[in-house]
Structure formats: C-alpha cells, structure tokens
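For what it's worth, my numbering labels the leading residue of the sequence shown as 443, then goes sequentially.
We treat Cβ as the ideally placed atom computed from N, Cα and C, and that holds for glycine.
Contents: one structure, followed by commentary.
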Amino acid sequence: MTSLDVETLLAQDEVKGFLEASEQAGTVSVQDIVEVVEAQELSPLEHDALLREFDKRGVEVVDQPHAPEAPPLPAATAESTTDGLQLFLREAGRHTLLTAAQEVALAKRVERGDLVAKQAMIQANLRLVISIAKNYRNQGLPFLDLIQEGTLGLIRAVEKFDWRRGFKFSTYATWWIRQAVARALADKARTIRMPVHIVERMQKMNRADRTLWAVLGREPTLEEIAEEANLTVQQVVEVRAAARASTSLDAPVGEAGDAVLGDFVAGDDLLPEEEVELTLRSQALQAALSYLGEREREVLTLRYGLGGTPPRTLDEIGRQLGVTRERVRQIEIDSLRRLAGQHEMQAVM
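Here it is in structure tokens:
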C-alpha cells in the first residue's frame, strides 16, 4: 500500500475511532481487531497496515476475547454440542498469542516437518477461529461445526504459510479460515454447492436488507440494497437468481427419479489454497504497481494481462500507445527493475 492508501484507511470514521479508543486504553484485543477487519472487509495489506499503526501508537495487542455466545440448540443435541464447544473454548483459552519473532521461528520449524511446532501454531491461533466463526452463525450450520471448519482452514494456513513473504501469520490465516467457513456454508448449509463469492454476496445483501428495513420501515428496492451492500444492481439480480436456481436444481431427473439436476452440474471454483494465494498475490501486486507511473502500469498490465485480459505482444502494445516496439520493451524492463526492489513484491515472487 502507498502512504496515501494508508492515510485514507486510517481516516475512515470507524477505523479512526477504533484506533483512538484503543490508544486511549493502551491495549486492544485480537477479537476486537478481527471484528473490525470483518466489518470493514479489510484486505490483508490493510490488516497489516492497521497492525503497524497499533505498533506505531504503542498499543499492545492482547489476548482477551469475549466468550462467544452459542445460538439456541435443539434439546436433543444441546448437551453434547455444548460439551464439545466448552472443551474447545477451554483448549483455546490455555494458549497465549505468539510474537512476530515466535511466529517466524515456529514457521521455520514447520517447514522442516516439526509436528510439535505445527501444533503450537495451531493452538496459539484457535481464538482467531472462534472470532471469525462468530460472524457466520445462524446461517445454516451449528456454531461448533463452523469452528471445526475454521480450524481446518487454520491447519491449512499453518501448512502453507511462507514467512519469507512478509505477511503476518494472523493476516494469512484469517483468509484461510474465512474461506473454510464460507465454503462449508456453501457446501453443507445449502441444498446445492454455490460459488463462495455468491454466498458472500448473499450474506452482504441479507445484512443490507435487514439494516434498510430497520431504517426505512419498508421493503428496500434493488437499488437501495445494492448501494448499502456496495454491489451493483446487476450483481444483486444475479445473486437472487442463483438463490432461486438452488431450488430448481433439486428437481428429479431420469425415469427412476433417483437423481437430481444438481448432481450433473460441475463446480468450477478454485481450490481454497489457489483462491487465497491468488487474492494475496493480486493485492500485493496492485500495491507494488502503485509505485509506478501511469504509463509503466499500463504497459505491464497489457503485457501480462493483469486486468483480466489476454496478454498483449510488444507490437500490439506499441500500436495502442503510439510508440515503437523497442520503446515498449524498454518501459517493461525498467518497470520490472523498479518493482523488484519493492517490499510488496516479496508476496508475489
């Protein structure tokens, strides 16, 4: 992120108020940070910028989560589920936060196959799982199931974490845990498997709908929901269509009626590790590109297809920009040299 991006982030009313309150208290809890990151939908780079600001202001990050409130459960399952949840919470409460140096030291040992170090990293971050899972309650899966799925995401984060990239482990793990929980909801809480980005947009729309009902006292329009959820009207329409389609895909097919249409629809989502890695790389690359001039960014974007379009040849770029092929090549080489020295590129290489 550029210094301007950081200033813009810190100037947001919610973030600014959170920082000032934490600075006055002298401490801030991990759970409070996670809740702000979730509510403001901060990217990993913005999450890191927030943590650096706490360090700069001398605010100590402490391990003081509030005890999560479990949702009501059927009488037949309440006792066993509550026992399992309490066991998990007690286990999570026995372990303290790791310092940045401890994270790196343990990550190096995990790379060498040290199972004790792996277990230590997992246990030290169980509270992060609870904090994130709380935000997905009452959406089709029991709280304990959400925690279990989030723990699987945490385990994958420990296995995939590369300390050389410069990301804090909590930032990296947050994305893995979110993905694991969201995918569990998409796979198990609905009749058919829906793409994770559709489920996440549906959740944003549901929150927006509830907020607008409370404010307006009537059913909000598509345009109002789209604005409140920070989506386009077309995206709102597409999500609603996907929700309706989830029912139609249950229709039986074949003479025997022993299969449903959804059985024959293949999903094309990225694997969780691919999606998380792609997200982190993309954000790091965008941050690094911000150090370049407009012409340099345009050349690299066209040359490598960074905007989602097919990569272009030097001749094609030259014709579009009105310069020679050799000039395009020189801009590309100079730009790549400049990028190589940027800290953000550690997360892309």
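Check	Outcome
State the beta-bridge partners of Val504 as determined by DSSP.	Ser471
Hey, would you say Ile817 sits closer than 8 Å to Glu738, going by beta carbons?	The structure shown has nothing for residue 817, since the chain only spans 443 to 791.
Count the other C-beta atoms from every protein chain shown that fall within 10 angstroms of the C-beta of Arg649, then say buried if there are 16 or more, exposed otherwise.	exposed
Please classify Ala701 as buried or exposed, where buried requires at least 16 neighbouring CB atoms within 10 angstroms.	Any reading at Ala701 needs caution, since the residue's pLDDT is 48, under 50, leaving its predicted position unreliable; the model's value is listed next. Exposed, since its Cβ has fewer than 16 Cβ neighbours within 10 Å.
Which class does Leu778 belong to by DSSP, given the choice of helix, strand or coil?	helix
Do Tyr578 and Val546 have their CB atoms nearer than 8 Å?	no
Can you give me the Cβ contacts of Val681 inside the same chain, cut-off strictly under 7 Å, excluding the 5 residues immediately before and after it?	Ile640, Arg643, Met644, Met647
By the 10 Å Cβ neighbour count, where 16 or more other Cβ atoms means buried, how is Val741 classified, buried or exposed?	buried
Are there any heavy atoms of the ligand PLP lying less than 7 Å away from the beta-carbon of Gly764, as far as the coordinates show?	You won't find the ligand PLP in this model; it holds no ligand whatsoever.
On the DSSP letters alone, give me the boundaries of the alpha helix (DSSP H) that Leu586 sits inside.	585-602
Grab the span of the alpha helix (DSSP H) containing Asp757 for me, first residue to last.	756-763
Where does Thr450 fall in DSSP's three states?	helix
Taking the straight line between their C-alpha atoms, what separation do you get for Gln590 and Arg532?	15 Å
Judging by CA-CA distance, which residue of Ala467, Glu495, Asp474, Ser464 is the nearest neighbour of Glu449?	Glu495
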